[in-house]
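Participant: By the count of our numbering, the sequence shown reaches residue 294 at its end, each step adding exactly one.
Shown below is the structure under consideration.
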Amino acid sequence: MKTFLLSAIAAVLCSAFCVAQDKPEEYLRPYPEVWSVTEGLVAPESAYFDAASGFLFLSQIGDGGGKAKDGDGWISKLTPDGKVVENVWVPGFNAPKGLRSHGNTLWVSDIDRIVAIDIEKGEISKEVVIPDAQFLNDLATGEDGTVYVTDMVASKVYQYKDGQVSVFAEGDELQNPNGCLVDGEHLVLGGWGKGFNPEDFTTQVGGQLLKVHRTTKKVTAFTPEPTGYLDGIEKDGHGGYYVTDWRNGKVFHINAKGESQVIMTFPQGAADLAYLVDRHLLILPRMKENTLTAFEVK
-3 MKTFLLSAIA AVLCSAFCVA QDKPEEYLRP YPEVWSVTEG LVAPESAYFD AASGFLFLSQ
57 IGDGGGKAKD GDGWISKLTP DGKVVENVWV PGFNAPKGLR SHGNTLWVSD IDRIVAIDIE
117 KGEISKEVVI PDAQFLNDLA TGEDGTVYVT DMVASKVYQY KDGQVSVFAE GDELQNPNGC
177 LVDGEHLVLG GWGKGFNPED FTTQVGGQLL KVHRTTKKVT AFTPEPTGYL DGIEKDGHGG
237 YYVTDWRNGK VFHINAKGES QVIMTFPQGA ADLAYLVDRH LLILPRMKEN TLTAFEVK
């Protein structure tokens, strides 16, 4: 009888444990969702709000993956309220990622090239191939029109200035950068990490948020400790940044002192976000979920 009772209790405990283990992971979502788009999205990678035109642009990698030269990537055009104006606004890309504008030009990174789009016409106006590029990722523009683009696999940053491509910075100290953003006299980089494995894109140590002086090229760590597999970077309007960790599905707030805090979590694929300071609107491409979601984040 005692054996039977013990077996029964063990079975109940095991059953309860198994049910608990099978429950979906609970994610941290303290901020209200404002809108979400899923229809027509296939691996959305980068969201960028162009203040001059008033539109939100979204790069979509498509079905082939981030390294495939398959021609099935495109750029979408939306309103900041989440209305899709034109899903396939500009086609003709392979695996488009970083977006940033200067004047009437929207620049896009695409594996081994950067592409200029005339925003008013909605047409490709220029293509600049970077022959030595291995995996171009995020892109930023300076006030003078200089275009900066990270090469994550090669641990480099290229610049396109006055019609010429050159290496802006390179080396292990850049931590195989993914994200980039111009902030005053610095280029802010999101390090993917140290000990990078090009086969599976893992690292031995997580990346830090870095600042590279645009004139002296001096590299300094803005976050004192490894933070994660850093992807998107946007200014918070108070001297800090909102930053994503693609592999671990995290969104960080990093304050002006370099102190980081996880503010939201998702499945893997939290990609290159946009943040509208005046509306407190954080717009996040959830790449592996084929979803674009806006949250009110104050």
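Note that beta-carbon positions come from the ideal geometry of N, C-alpha and C, so glycine has one too.
All values derive from a computational prediction rather than experimental measurement.
Just to confirm my understanding: we take G265, look at its own chain, exclude 5 residues before and 5 after, and list those with CB closer than 7 Å. What are they?
Facilitator: Reading the sequence shown from its first residue, position 269 is the one you call residue 265. Once the five neighbours on either side are set aside, the close Cβ partners of G265 are W242, G245, R282, M283, K284, E285.
Participant: With DSSP run on the structure shown, which of helix, strand or coil describes K157?
Facilitator: Taking the sequence shown and counting its residues from 1, the one referred to as residue 157 is at position 161. In this structure, K157 counts as strand in the three-state DSSP scheme.
Participant: Helix, strand or coil: which one does DSSP assign to N38?
Facilitator: To locate residue 38, count along the sequence shown from 1; it is residue 42. Looking at the sequence shown, residue 38 is not Asn but Val. V38 falls in the coil class under three-state DSSP.
Participant: Just to confirm my understanding: we take S32, look at its own chain, exclude 5 residues before and 5 after, and list those with CB closer than 8 Å. What are they?
Facilitator: Position 36 of the sequence shown, counted from the first residue, corresponds to residue 32. Cβ neighbours of S32 beyond the five flanking positions: G78, T287, L288, T289, A290.
Participant: Can K214 and F164 be called in contact, C-beta distance under 9 Å?
Facilitator: Along the sequence shown, one-based indexing puts residue 214 at 218. Along the sequence shown, one-based indexing puts residue 164 at 168. Not closer than 9 Å, so no.
Participant: Excluding the five sequence neighbours on either side, which residues of its own chain have a C-beta within less than 7 Å of the C-beta of T219, listed in chain order?
Facilitator: Here residue 219 refers to the residue found at position 223 of the sequence shown. Cβ neighbours of T219 beyond the five flanking positions: Q204, L205, I250, G254, S256.
Participant: Per DSSP, what kind of secondary structure is L269 in: helix, strand or coil?
Facilitator: Locating residue 269 in the sequence shown gives position 273, counting from the first residue. Three-state DSSP puts L269 in coil, outside helix and strand.
Participant: Specify the secondary structure class of R275 as computed by DSSP and reduced to three states.
Facilitator: For the purposes of this step, residue 275 is identified with residue 279 of the sequence shown, where counting begins at 1. Three-state DSSP puts R275 in a helix.
Participant: Applying the criterion that 16 or more other CB atoms from any shown protein chain within 10 Å of the CB defines a buried residue, is V153 buried or exposed?
Facilitator: By one-based count along the sequence shown, residue 153 stands at place 157. V153 comes out buried.
Participant: Go through the segment 199 to 261 residue by residue and report every complete run of the beta strand (DSSP E) that reaches 3 residues or more, in order.
Facilitator: Listed in chain order, the complete beta strand (DSSP E) runs (minimum 3 residues) inside the segment 199 to 261 are 205 to 209, 215 to 217, 226 to 231, 237 to 241, 246 to 250, 256 to 261.
Participant: Using the Cα positions of V124 and M260, report the straight-line distance between them to the nearest angstrom.
Facilitator: As a first step, residue 124 must be located in the sequence shown, where it is residue number 128. As a first step, residue 260 must be located in the sequence shown, where it is residue number 264. Each residue's alpha carbon lies about 36 Å from the other.
Participant: Flag this pair as yes or no: are the beta carbons of D268 and G138 separated by less than 9 Å?
Facilitator: Working through the sequence shown from its first residue, we reach residue 268 at position 272. Working through the sequence shown from its first residue, we reach residue 138 at position 142. For D268 and G138, no; Cβs fall outside 9 Å.
Participant: Once the 5 residues before and after L277 are set aside, which same chain residues still bring their CB inside 6 Å of it?
Facilitator: Within the sequence shown, the letter at position 281 stands for residue 277. Cβ within range, chain order: A290.
Participant: Out of G187, D114, D168, point me to the one whose CA is closest to S97's CA.
Facilitator: Here residue 97 corresponds to residue number 101 of the sequence shown, with the count starting at 1. Cα-wise, what sits closest to S97 is D114.
Participant: Given a cut-off of 9 Å, decide if G228 and S105 are closer than it, judged by their beta-carbon atoms.
Facilitator: On the sequence shown, residue 105 is found 109 positions in, with the first residue counted as 1. On the sequence shown, residue 228 is found 232 positions in, with the first residue counted as 1. No, they are not a contact pair.
Participant: Grouping DSSP H, G and I as helix and E and B as strand, with all else coil, what is K122?
Facilitator: For the purposes of this step, residue 122 is identified with residue 126 of the sequence shown, where counting begins at 1. Looking at K122 - three-state DSSP - the assignment turns out to be strand.
Participant: Cα separation between D158 and D196?
Facilitator: The count along the sequence shown starts at 1 and reaches residue 158 at position 162. The count along the sequence shown starts at 1 and reaches residue 196 at position 200. Near 36 Å, if we compare the C-alpha coordinates of D196 and D158.
Participant: Quick one, which of L183, V239, L280, L272 has its alpha-carbon nearest D46's?
Facilitator: Translated into the one-based positions of the sequence shown, residue 46 becomes position 50. Of L183, V239, L280, L272, the residue nearest in Cα terms is L272.
Participant: What number of angstroms, rounded off, separates the C-alpha of V247 from the C-alpha of Y238?
Facilitator: Taking the first residue of the sequence shown as 1, we reach residue 247 at position 251. Taking the first residue of the sequence shown as 1, we reach residue 238 at position 242. Their backbone Cα atoms lie some 7 Å apart in a straight line.
Participant: What is the DSSP secondary structure of D46, counted as helix, strand or coil?
Facilitator: As a position in the sequence shown, residue 46 is number 50, starting the count at 1. Strand, per DSSP.
Participant: Reducing DSSP to helix, strand and coil, say where D168 ends up.
Facilitator: Taking the first residue of the sequence shown as position 1, residue 168 is located at position 172. In the structure shown, D168 sits in a helix (DSSP, three-state: H, G or I).
Participant: Which one of A64, G180, P28 has the shortest CA to CA distance from K93?
Facilitator: Residue 93 sits at position 97 when you count from the first residue of the sequence shown. If we check each option's Cα against that of K93, A64 comes out closest.
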